[in-house]
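Engineer: All residue numbers for the sequence shown refer to this note's numbering, where the first residue is 1109 and numbers rise by one.
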Amino acid sequence: MKEKLIKTIDLENGLQLNLYDGSRKLVGDRWLVSLIVRMDIPVTEALKKDSRQLTESIGEITDVLGDSVLFEMKREKIFIDKTKKETAFKELCDMFLNSSLNYLSKEIFPKQYILKTYKEEVKKSLLNASRDEG
């Protein structure tokens, strides 16, 4: 089954959170119930505020990450009976929204996520460079 956009939520920090149903049939009447959450975070916009506190320039960060960073999270339940598929998907959505929505809505989240992703990418490229030398 192809992913289907279920809901779009406008967050307090100006970002848009998209919830997708990525569920698919496994075998017989059994399903993999899958919630996929995605959000595009514009790098420059998120870093403009308090840019003096950055150790790297916004330009250095966009050189590594590009103009936007994709936040993606998946929640899944495996081998769910066809008759319980909708209920299982609703439970995944409710659990995600109850546990993560406040955090993702915080004003500081976009900047923190971008900086975390930037550090991971720099570390990855340094590791790859050291492997290539060795």
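Even for Gly, the Cβ is constructed at its ideal location relative to N, Cα and C. What you are looking at is a predicted structure, and each value in this text was computed from that prediction instead of being measured.
Taking only the alpha-carbon atoms, compute the straight-line gap between residue 1240 and residue 1234 and give it to the nearest angstrom.
Structural biologist: When rounded, the distance between both Cα atoms is 10 Å.
Engineer: Enumerate in chain order the residues of its own chain whose CB-to-CB distance from residue 1262 is below 6 Å, with the five nearest sequence positions on each side excluded.
Structural biologist: In this structure the chain extends from 1109 to 1242, so residue 1262 is not present and cannot be described.
Engineer: Could you tell me if residue 1142 is buried or exposed, where buried requires 16 or more neighbouring beta carbons within 10 angstroms of its beta carbon?
Structural biologist: Label assigned to residue 1142: buried.
Engineer: On the CB-based measure, 16 or more other CB atoms within 10 Å of its CB, does residue 1131 come out buried or exposed?
Structural biologist: Buried is the call here.
Engineer: With a CB to CB cut of under 8 Å and the five nearest residues on each side skipped, what residues in its chain are close to residue 1151?
Structural biologist: So the list reads 1166, 1169, 1170, 1173, 1174, 1175, 1176, 1177 and 1222, once near-sequence residues are dropped.
Engineer: Quick one: what's got a C-beta closer than 8 Å to residue 1207's C-beta in the same chain, skipping five residues either side?
Structural biologist: So the list is empty, once near-sequence residues are dropped.
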